[in-house]
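Note that full-length UniProt numbering has the sequence shown beginning at 1, numbered continuously upward.
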Amino acid sequence: MTSGVIDPAAAPRHAVPMTAYAMANLSPKPVLDPEVLDYMEGIQATLDPFGGRFLVHGAPRREVLEGEWPGAVVVIAFPSYDEARAWYDSEPYQALLPLRTRHMAGDVLLVDGTPEGYAPAATAAALRAAYSAGATPTGHETPVPPMPQ
């Protein structure tokens, strides 16, 4: 696993914790190794203390509309980014993780969700203002404008 482009410590934090997601694009082999099944049997117990729950697991029905997505899709929701990170770093999950990583390549990342009432047009306006002020935001650190009162 590689670290992301953005330092999570430098990412903006919001007053109200937002849902965060652990997302994975995994490349399973045609026949799953028994260790992967052991991983699947044990993962929920590692998620429960952190409020994690599966939203998508494997997605047998999927349609790639743009680009390429060769792997299996996994999305797990957490109450906050901090809970997601604490789960990933936890001793129980780290002990379980090699059962998957020995047999499946893939990409895994943690991301914050958007706050309640998020408006993409407001984000576009903030980016336009940043560009007008001479900044060169990349889009990876998209500022989330304050919500209207």
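Glycine is no exception: its CB is placed at the ideal position from the N, C-alpha and C atoms.
Option nearest I76 by Cα separation, candidates F54, A95, Q94:
Here residue 76 refers to the residue found at position 76 when the sequence shown is read from its first residue. Minimum Cα distance to I76 is reached at F54.
For W87, count neighbouring C-beta atoms within 10 Å of its own C-beta (all shown protein chains included) and say buried if the count is 16 or more, exposed if not.
One-based indexing of the sequence shown puts residue 87 at position 87. Its Cβ being crowded by 16 or more others within 10 Å, W87 is buried.
Distance CB(V108)-CB(A24) smaller than 8 angstroms:
The sequence position of residue 108 within the sequence shown is 108, counting from 1. The sequence position of residue 24 within the sequence shown is 24, counting from 1. Yes, the pair counts as a contact, with Cβ atoms nearer than the cut-off.
Please report the straight-line C-alpha distance between D33 and R85, rounded to a whole angstrom.
Sequence index remark: in the sequence shown, residue 33 carries index 33 (1-based). Sequence index remark: in the sequence shown, residue 85 carries index 85 (1-based). Roughly 27 angstroms between the two C-alpha positions.
Can you check which of these residues, H103, L26, G134, is closest to A72 by C-alpha distance?
Counted from its first residue, the sequence shown places residue 72 at position 72. Of the candidates H103, L26, G134, the one whose C-alpha sits nearest the C-alpha of A72 is L26.
What distance in whole Å lies between the Cβ atoms of M18 and T136, which are believed to be in contact at a cut-off of 8 angstroms?
By 1-based counting over the sequence shown, the position of residue 136 is 136. By 1-based counting over the sequence shown, the position of residue 18 is 18. Wrong, their Cβ atoms sit about 26 angstroms apart, outside the cutoff.
I'd like to know whether the C-beta atoms of L35 and R102 end up nearer to each other than 8 angstroms.
Taking the sequence shown and counting its residues from 1, one reaches residue 35 at position 35. Taking the sequence shown and counting its residues from 1, one reaches residue 102 at position 102. Reading off the sequence shown, one finds Glu at residue 35, where the question assumed Leu. With respect to the 8 angstroms criterion, E35 and R102 are classified as neighbours on the basis of their beta carbons.
Helix, strand or coil for Y118 per DSSP?
Translated into the one-based positions of the sequence shown, residue 118 becomes position 118. Three-state DSSP puts Y118 in coil, outside helix and strand.
From A59 to E41, what distance separates their C-alpha atoms?
Here residue 59 refers to the residue found at position 59 when the sequence shown is read from its first residue. Here residue 41 refers to the residue found at position 41 when the sequence shown is read from its first residue. Using only the alpha carbons, I get a separation of about 18 angstroms.
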